[in-house]
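Position one of the sequence shown corresponds to residue 1 (the UniProt record's numbering), numbered consecutively onward. Beta carbons: idealized from backbone N, C-alpha and C, even for Gly. Below is one structure, written out as structure tokens, with a few remarks after it.
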Amino acid sequence: MGEKQRTGSISSESDDPPPYYEEVEGGGASSSAPPTAFTGTHQLQVQTLGYDTDQALSGWVFENISIYTVDRGEVEYISLRLQQTSNSCALVRGSDTNRTPLISTIYRRGPGRNPKIRILPRGTSLSVEEAISSDNVQCEVVDVVSRSIISRTQKFDTSFGNFEWRYGSTAELRAEYDANSLILMERVDFVRSRDGKAGKRGVRIAQLVRNDEFRTQGTSRRAGGNGGRLMMDLSMWADERRTNVKVKDVEAFVVASCLCMLKREADRFRDAQNAAVV
């Protein structure tokens with residue numbers, strides 16, 4: 001048996017929407033309200049250098065990426081690569097000495113070769129190498145799809161919700177820590193939050209903020225794919241008995257999909273640099 005769509009460690013057996021959320025067919029009502037600051041329930045620090053002009057001149061290899069807790073400074077997740085020249089990777093918990101993969105991302109560059117995220121069953125016996133390289137994996141497969149051919153917005157449709165990562169507007173940048181760069185993750189199949197407000201873009205559940213304080217030390221605002229502060233509000237999955245989804249599983253997916261966005265950003269930066277050289 002090969003890859004299976006929507007049969008992984010995260011699944012929802014109920015047709016009911018999560019607590020405090022109302023399903024709206026077609027995805028969203030319009031809103032003219034100005035953006036307000038996002039209140040996350042917890043934060044992680046994504047540490048990755050990304051890609052900049054210096055690397056374009058000196059050569060570049062992909063790195064393993066560590067994600068730290070902000071309050072304790074401990075490694076919460078590590079994104080591991082089998083090869084330094086490949087973006088395909090597997091996410092493991094930092095405390096797991098066995099390196100059991102939670103999620104793998106199969107990443108191939110080129111037109112029509114969209115990344116695929118494999119959400120693996122909890123407690124899988126697969127190795128990191130098998131999670132990345134094997135075509136015989138029982139998992140939920142999420143295709144990463146651009147909203148349009150010219151859009152940087154990426155869509156992720158899963159068994160526990162449909163999501164988009166997009167870049168923030170100028171107003172949103174000002175509202176969020178005066179960020180130089182802001183990437184937002186929104187749930188787009190539910191558009192009404194617990195306070196009754198509806199928004200055209202859905203409900204924000206995470207954001208990656210990059211500014212002088214939060215971006216990976218030693219990187220600049222001109223880099224592509226560098227790390228920053230990942231802020232999340234996963235409270236809609238807090239009632240795990242009702243949603244049939246573990247909050248930590250959703251968190252791992254948020255991390256993996258965020259890293260996918262950063263990889264695509266680094267690729268765009270590198271392609272632009274190569275085009276400038278040519």
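*What's the C-alpha gap between Val203 and Phe38?*
Stepping through the sequence shown from its first residue, residue 203 is reached at position 203. Stepping through the sequence shown from its first residue, residue 38 is reached at position 38. Val203 and Phe38: Cα-Cα distance of roughly 11 angstroms.
*Any idea what DSSP makes of Glu74, helix, strand or coil?*
Position 74 of the sequence shown, counted from the start, is the residue given in the question as residue 74. The DSSP-derived three-state label of Glu74 is coil.
*Alpha carbon to alpha carbon, what distance is there between Phe253 and Leu234?*
For the purposes of this step, residue 234 is identified with residue 234 of the sequence shown, where counting begins at 1. For the purposes of this step, residue 253 is identified with residue 253 of the sequence shown, where counting begins at 1. Taking the straight line from one Cα to the other gives about 11 angstroms.
*Rank His42, Thr170, Arg166 and Thr97 by C-alpha distance to the C-alpha of Ser257 and give the top, closest one.*
Position 257 of the sequence shown, counted from the start, is the residue given in the question as residue 257. Relative to the Cα of Ser257, the nearest Cα in the group His42, Thr170, Arg166 and Thr97 belongs to Arg166.
*First through last residue of the alpha helix (DSSP H) which encompasses Glu240*: The residue given as residue 240 occupies position 240 in the sequence shown. Start and end: Glu240 to Thr243.
*In the DSSP assignment, what residue or residues form a beta bridge with Gly123?*
Mapped onto the sequence shown, residue 123 falls at position 123. Beta-bridge pairing links Gly123 to no other residue.
_Residue range of the beta strand (DSSP E) that includes Ala206_ = Taking the sequence shown and counting its residues from 1, one reaches residue 206 at position 206. Val203 to Arg210 is the extent of the beta strand (DSSP E) around Ala206.
*Using beta-carbon positions only, say whether Glu76 and Leu102 come within less than 7 angstroms of one another.*
On the sequence shown, residue 76 is found 76 positions in, with the first residue counted as 1. On the sequence shown, residue 102 is found 102 positions in, with the first residue counted as 1. No, they are not a contact pair.
*Excluding the five sequence neighbours on either side, which residues of its own chain have a C-beta within less than 7 angstroms of the C-beta of Arg268, listed in chain order?*
Here residue 268 refers to the residue found at position 268 of the sequence shown. The beta carbon of Arg268 lies closer than 7 angstroms to those of Gly224 in the same chain, with the five residues before and after it left out.
*In chain order, what residues of the same chain lie with their CB nearer than 8 angstroms to the CB of Thr153, ignoring the 5 residues before and after it?*
Taking the first residue of the sequence shown as position 1, residue 153 is located at position 153. Cβ contact annotation for Thr153 (same chain, cutoff 8 angstroms, sequence separation greater than five): Ser146, Arg147, Glu164, Trp165, Arg166 and Tyr167, in chain order.
*Starting from Glu129, follow the alpha helix (DSSP H) in both directions and report where the run begins and ends.*
The sequence position of residue 129 within the sequence shown is 129, counting from 1. Run containing Glu129: Val128 to Ser133, per the alpha helix (DSSP H) assignment.
*Under 7 angstroms between the Cβ atoms of Phe156 and Val245?*
Here residue 156 corresponds to residue number 156 of the sequence shown, with the count starting at 1. Here residue 245 corresponds to residue number 245 of the sequence shown, with the count starting at 1. In this structure, Val245 does not lie closer than 7 angstroms to Phe156 by Cβ.
*asked:* Can you give me the C-alpha to C-alpha distance between Thr100 and Arg118, rounded to a whole angstrom?
replied: Position 100 of the sequence shown, counted from the first residue, corresponds to residue 100. Position 118 of the sequence shown, counted from the first residue, corresponds to residue 118. If you draw a straight line from the Cα of Thr100 to the Cα of Arg118, it is about 14 angstroms long.
*Spell out the partners DSSP gives Ser79 in its beta bridges.*
Against the sequence shown, residue 79 aligns to sequence position 79. Ile65 and Leu91, per the DSSP bridge assignment.
*Look at the alpha carbon of Glu22 and the alpha carbon of Arg241, and state the distance between them as a whole number of angstroms.*
Working through the sequence shown from its first residue, we reach residue 22 at position 22. Working through the sequence shown from its first residue, we reach residue 241 at position 241. Only weak support exists for where Glu22 lies, its pLDDT of 32 falling under 50; the coordinates are left without a value.
*Integer-rounded CB distance, given that Leu208 should sit under 8 angstroms from Ser79*: In the sequence shown, residue 79 corresponds to position 79, counting from 1. In the sequence shown, residue 208 corresponds to position 208, counting from 1. About 14 angstroms; that fails the 8 angstroms criterion.
*What residues are listed by DSSP as bridge partners for Arg187?*
Start at 1 with the first residue of the sequence shown, and residue 187 comes out as number 187. Arg187 is bridged to Phe163 and Val203.
*Would you identify the three-state DSSP class for Thr85, choosing helix, strand or coil?*
In the sequence shown, residue 85 corresponds to position 85, counting from 1. Residue state, collapsed to three classes: coil.
*Can you pull the DSSP bridge partners for Tyr51?*
Position 51 of the sequence shown, counted from the start, is the residue given in the question as residue 51. Partner(s): Gly224.
*Where do the N-terminal and C-terminal ends of the alpha helix (DSSP H) with Leu173 fall, by residue?*
Translated into positions along the sequence shown, residue 173 becomes position 173. Its alpha helix (DSSP H) spans residues Thr170 to Ala175.
_Assumed close pair Val128, Val92 - CB separation to whole angstroms, cut-off 8 angstroms_ = Counted from its first residue, the sequence shown places residue 128 at position 128. Counted from its first residue, the sequence shown places residue 92 at position 92. The pair is a contact, with the Cβ atoms about 7 angstroms apart (cut-off 8 angstroms).
*Is Asp267 helix, strand or coil by DSSP?*
By 1-based counting over the sequence shown, the position of residue 267 is 267. Asp267 falls in the helix class under three-state DSSP.
*Could you tell me the distance, in whole angstroms, from the CA atom of Thr85 to the CA atom of Ala131?*
Looking up residue 85 in the sequence shown gives position 85. Looking up residue 131 in the sequence shown gives position 131. For Thr85 and Ala131, the distance between alpha carbons rounds to 18 angstroms.
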